[in-house]
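If you read the sequences in order, they're chains L and D.
Count along the first sequence starting at 1, add 20, and that's the number in our numbering.
Count along the second sequence starting at 1, add 20, and that's the number in our numbering.
Just so it is clear, CB atoms sit at the ideal spot from N, CA and C, and this is done for glycine as well.
Below: the structure, in structure tokens.
There are 2 protein chains.
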Amino acid sequence: MNDGQKNIALVMGQFFRVVNKIRELEKRAYDFGVGELLFPSEIHTIQAIGNNSCINVSSLAREMGVTKAAASQMVSKLATRGFLQKVKSLENDKEVLLVLTARGKLAFEGHEKFHTALYEDFIKEMDGIPEAGLRMIHGILEKIEYHVDRYRE
Amino acid sequence: MNDGQKNIALVMGQFFRVVNKIRELEKRAYDFGVGELLFPSEIHTIQAIGNNSCINVSSLAREMGVTKAAASQMVSKLATRGFLQKVKSLENDKEVLLVLTARGKLAFEGHEKFHTALYEDFIKEMDGIPEAGLRMIHGILEKIEYHVDRYRE
DNA sequence: CATTTTTGTTAAGTAAGTTTACCATATCAC
DNA sequence: GTGATATGGTAAACTTACTTAACAAAAATG
Chain L
21 MNDGQKNIAL VMGQFFRVVN KIRELEKRAY DFGVGELLFP SEIHTIQAIG
71 NNSCINVSSL AREMGVTKAA ASQMVSKLAT RGFLQKVKSL ENDKEVLLVL
121 TARGKLAFEG HEKFHTALYE DFIKEMDGIP EAGLRMIHGI LEKIEYHVDR
171 YRE
Chain D
21 MNDGQKNIAL VMGQFFRVVN KIRELEKRAY DFGVGELLFP SEIHTIQAIG
71 NNSCINVSSL AREMGVTKAA ASQMVSKLAT RGFLQKVKSL ENDKEVLLVL
121 TARGKLAFEG HEKFHTALYE DFIKEMDGIP EAGLRMIHGI LEKIEYHVDR
171 YRE
């Protein structure tokens, strides 16, 4: 391994450390302004429904990359806790469509704010990066994504 | 938000997408060459012991960021499955030191190979990035890490 | 020596899934 | 139209990977 590759390995290690820390961050429960703690997969579900109003359970499951049984369980729990409502489709008698309640929307907005705050911090810090640098980073991320996709089979 | 910030936001989104995909990758069980599936936290434990031979349970727990009860449970399971051995400390009568068995070492090596293969792929792709570019990426990651740390409190 | 700290374990509970099995509704094939 | 198949949803039981709480043994501290 030459000198340049050593530096790359260092930055790579730093990259994975940051990835790990972000993962840690997304393991805890937070109160998104509704006076109740919401666990990652709970707010993740609320987010998916907030972004896809009237989605059905199967599509939600696909969207979130879990089985429909898992989605069904999560949805029922969030419904009894008043974050969403299950409504029957007008077109057929089997689909259950999902919409956020006012309370669910509040949590959704709180979560969005939470995320955009982090985003804004990053964007501020990265302000002033020249066009060329940004293109380089984009290219590297593209390559990393390609290899990660390959490993995912 | 100006034009440059829009581009930054795009790259940021790409960054988080890659982070998520890596997270997905590290959720599954793999066979690391021992003819048996190992779950993430199992191989993670083997990795920690492989890198810190004769570590005790409490230190392992600290190292892995879990409670010592969790570490104790994981260690017992891996011991009965023949991946590691609990040995008594020579210096005192209460510490349990952990060492990998041949089978454990095999899994450890398999996992290392798996990871360095991904690493090597990345390094190859990033070969030829000028010194300055690498420094820039390093700086950005540093800033991101700073903000992530802040959010972790 | 008495107290406190450290180390490790077990038991019970929780979060977020999975697999399996099942039922109801839709859609196709013919 | 009817029988087979596909789609949508749910419940039950199980699993992974933790947590908290309670505890016992050993070591360190005063």
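Report back the beta-carbon spacing between V31(L) and H158(D) to the nearest angstrom; my notes put them in contact at under 8 angstroms.
Looking up residue 31(L) in the first sequence gives position 11. Looking up residue 158(D) in the second sequence gives position 138. Indeed, because the Cβ distance is near 5 angstroms, the residues count as touching under 8 angstroms.
Cα-Cα separation between V107(L) and V119(L), rounded to whole angstroms:
Taking the first sequence and counting its residues from 1, the one referred to as residue 107(L) is at position 87. Taking the first sequence and counting its residues from 1, the one referred to as residue 119(L) is at position 99. Computed Cα separation, rounded: 8 angstroms.
Closest Cα partner of K133(L) within the set G53(L), Y166(L) and M84(L)
Residue mapping note: residue 133(L) aligns to position 113 of the first sequence, counting from 1. Closest option to K133(L), Cα to Cα, is G53(L).
Closer than 8 angstroms by beta-carbon distance: list the chain D residues that pair up with G153(L), in chain order.
Counted from its first residue, the first sequence places residue 153(L) at position 133. Those are G153 and M156, listed as they occur along chain D.
Going by alpha carbons, who is nearest to K216(D) out of K144(L), Y166(L), V116(L) and Y171(L)?
A question about residue 216(D) goes unanswered here, because the residues of chain D that appear run from 21 up to 173.
Let me see if you follow: with CB-CB separation under 9 angstroms, is L57(L) close to chain D or not?
Sequence index remark: in the first sequence, residue 57(L) carries index 37 (1-based). By this cut-off, L57(L) is not an interface position.
L110(D) in three-state terms, based on DSSP:
The residue given as residue 110(D) occupies position 90 in the second sequence. In this structure, L110(D) counts as coil in the three-state DSSP scheme.
Please give the ranges of any alpha helix (DSSP H) in the region 44-100 of chain L, keeping only runs that are unbroken, at least 4 residues long and fully inside the region.
60-71, 77-84 and 88-100
Quick one: does V119(L) have its CB under 9 angstroms from some CB of chain D?
What you label residue 119(L) is simply residue 99 of the first sequence in a count that begins at 1. Answer no: the Cβ-Cβ gap between V119(L) and chain D never drops below 9 angstroms.
Any C-beta of chain D sitting closer than 9 angstroms to the C-beta of N27(L)?
Locating residue 27(L) in the first sequence gives position 7, counting from the first residue. N27(L) counts as touching chain D.
Beta-bridge partners of N105(D), as assigned by DSSP:
Position 85 of the second sequence, counted from the first residue, corresponds to residue 105(D). The sequence shown places Gln at residue 105(D), not Asn. Partner(s): V119(D).
Measuring CA to CA, which of E115(L), L80(L) and N40(L) is closest to E46(D)?
Here residue 46(D) is taken as the residue at index 26 of the second sequence, counted from 1. Of E115(L), L80(L) and N40(L), the residue nearest in Cα terms is N40(L).
Helix, strand or coil for D169(L) per DSSP?
If you number the first sequence from 1, residue 169(L) lands on position 149. Here D169(L) sits in helix by DSSP.
E84(L) to S109(D), Cα distance in whole Å?
Residue mapping note: residue 84(L) aligns to position 64 of the first sequence, counting from 1. Residue mapping note: residue 109(D) aligns to position 89 of the second sequence, counting from 1. It should be noted that the sequence gives Met, not Glu, for residue 84(L). Approximately 47 angstroms between the Cα atoms of the pair.
Contact list for M32(L) against chain D, beta-carbon separation under 9 angstroms
One-based indexing of the first sequence puts residue 32(L) at position 12. Under the 9 angstroms cutoff, chain D gives Y139, F142, I143 and M146.
My output table needs one value for G148(D): the three-state DSSP class, helix, strand or coil.
Along the second sequence, one-based indexing puts residue 148(D) at 128. G148(D) falls in the coil class under three-state DSSP.
Got a sec: which bits of the region 69-103 of chain L sit with their beta carbon under 8 angstroms from any beta carbon on chain D, in order along the chain?
G85
Is L117(L) closer than 9 angstroms to N76(L) when the C-beta atoms are compared?
Within the first sequence, the letter at position 56 stands for residue 76(L). Within the first sequence, the letter at position 97 stands for residue 117(L). In contact: N76(L) and L117(L) (Cβ atoms closer than 9 angstroms).
According to the Cβ coordinates, are A81(D) and K88(D) closer than 9 angstroms?
In the second sequence, counting from the first residue as 1, residue 81(D) sits at position 61. In the second sequence, counting from the first residue as 1, residue 88(D) sits at position 68. Contact flag set, yes.
Could you have a look at N22(L) and say whether DSSP puts it in helix, strand or coil?
Indexing the first sequence from 1 puts residue 22(L) at position 2. If DSSP states are grouped into helix, strand and coil, N22(L) belongs with coil.
With 16 other CB atoms within 10 Å as the buried threshold, where does H131(D) fall?
In the second sequence, the residue the question calls residue 131(D) occupies position 111. Burial call: buried.
Since E44(D) meets chain L, which of its residues come closer than 8 angstroms, beta carbon to beta carbon?
Counting from 1 along the second sequence, the entry for residue 44(D) is found at position 24. By Cβ distance, chain L contributes G85 and R172.
Local Cβ density within 10 Å of F59(L), reported as buried at 16 or more and exposed below that:
Against the first sequence, residue 59(L) aligns to sequence position 39. With fewer than 16 other Cβ atoms within 10 Å, it is exposed.
Is there a Cβ from chain L that is less than 9 angstroms from the Cβ of G53(D)?
As a first step, residue 53(D) is located in the second sequence; it is residue number 33 there, counting from the start. For G53(D), the answer is no, since every Cβ of chain L falls outside 9 angstroms of its Cβ.
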